Structure formats: structure tokens, C-alpha cells
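Note sheet for the following structure.
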Amino acid sequence: CPPCQAFTPLLKDFYEEVNSDERVFEVVFVSSDDSEEQMTDYFQKSHGDYLAIPYTSGAALRKELKVEYGYFGMRESEGLGNPARKNGIPTLAVIAPNGNVLTDSGVNDVETKGPTVIKAWGKL
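Residues in the sequence shown are numbered consecutively from 24, following our numbering.
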């Protein structure tokens, strides 16, 4: 999607900058692409050196995460069983190690505050 394609380079740069000295932030990409080929191509060409849920072997996990957290593209809703949708794509949710969502405003935070937001997220 065009908003995703606009945000991805910002996320890649953000990830590299905040982790330049030591790893303090991890991204786990949960694809909404239509095919494994589409996801792989986009991920390899545009994304950073972060994690991704595999498209085919991780399909059940991707679905579980989308349903649990409510972050998915509108066109995915029916295939997910029409769960409550909190946010569309792109979404950058900052999730604590215990699974609690610290914020789902990560896209806006990265776009407007840049790497300095990592300190604010640490205080949530």
C-alpha cells in the first residue's frame, strides 16, 4: 500500500539509528501482502535488518497476532473472522515483553519525533 511504502524507509532508518551502538529496539514485521513472493520481494528490497513472521509457515501466527491486537488491513477483516479492528496498515505497535501494547501510535511517533521517541517509549 502507498502509506506502507512511504513509511518503510523511515522505519528502516529509525531502526538502524536507534540500534547503532547496541540493540535497544526490535521490529517484527507482520505482513499483509497478498502472496509470499510479494512479501519476500518487498521485505528484501525495502525493509531493514529486522525480523519477519514467515508468510506461509507463519500464516497461523500472523492471523493470531492480527486478531489479538486488531491491526490489519480492511480487506483482511473477513478472512480473519471480522474481529475488532483498532488500526489499519501501516501500524507500528510498541509491545512490551509481556505482550502489553505500550502504544499503537508508532508510525506517527517515528514520523514526527524520530529516534528521540525511543526514550519516551521506554518510560511507558
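All C-beta atoms, glycine included, are put in the ideal place defined by N, C-alpha and C.
The structure presented is a predicted model; accordingly, all values stated were derived computationally and were not measured.
Tell me the DSSP secondary structure of residue i in three-state form.
i: Asn110; result: strand
i: Tyr38; result: helix
i: Phe66; result: helix
i: Tyr94; result: strand
i: Phe48; result: coil
How many whole angstroms separate the CB atoms of residue i and residue j, which I take to be in contact at a CB cut-off of 8 Å?
i: Asn105; j: Asp127; result: In fact, because the Cβ distance is near 20 Å, the residues do not count as touching under 8 Å.
i: Val130; j: Pro113; result: 6 Å
Quick one, are the C-beta atoms of residue i and residue j less than 8 Å apart?
i: Phe52; j: Ala75; result: yes
i: Pro138; j: Val41; result: yes
i: Tyr78; j: Met62; result: yes
i: Val140; j: Asp132; result: yes
i: Arg108; j: Gly93; result: yes
i: Tyr65; j: Asp57; result: no
i: Phe95; j: Leu103; result: yes
So who's on the other strand from residue i, going by DSSP bridges?
i: Val117; result: Thr126
i: Ala83; result: Looking at the DSSP assignment, Ala83 forms no beta bridge with any residue, so it has no partner.
i: Ala29; result: Its beta-bridge partners do not exist; DSSP assigns none.
**Report entry** Contact between the region 64-79 and the region 35-47 (3+ Cβ pairs under 8 Å)
**Finding:** yes
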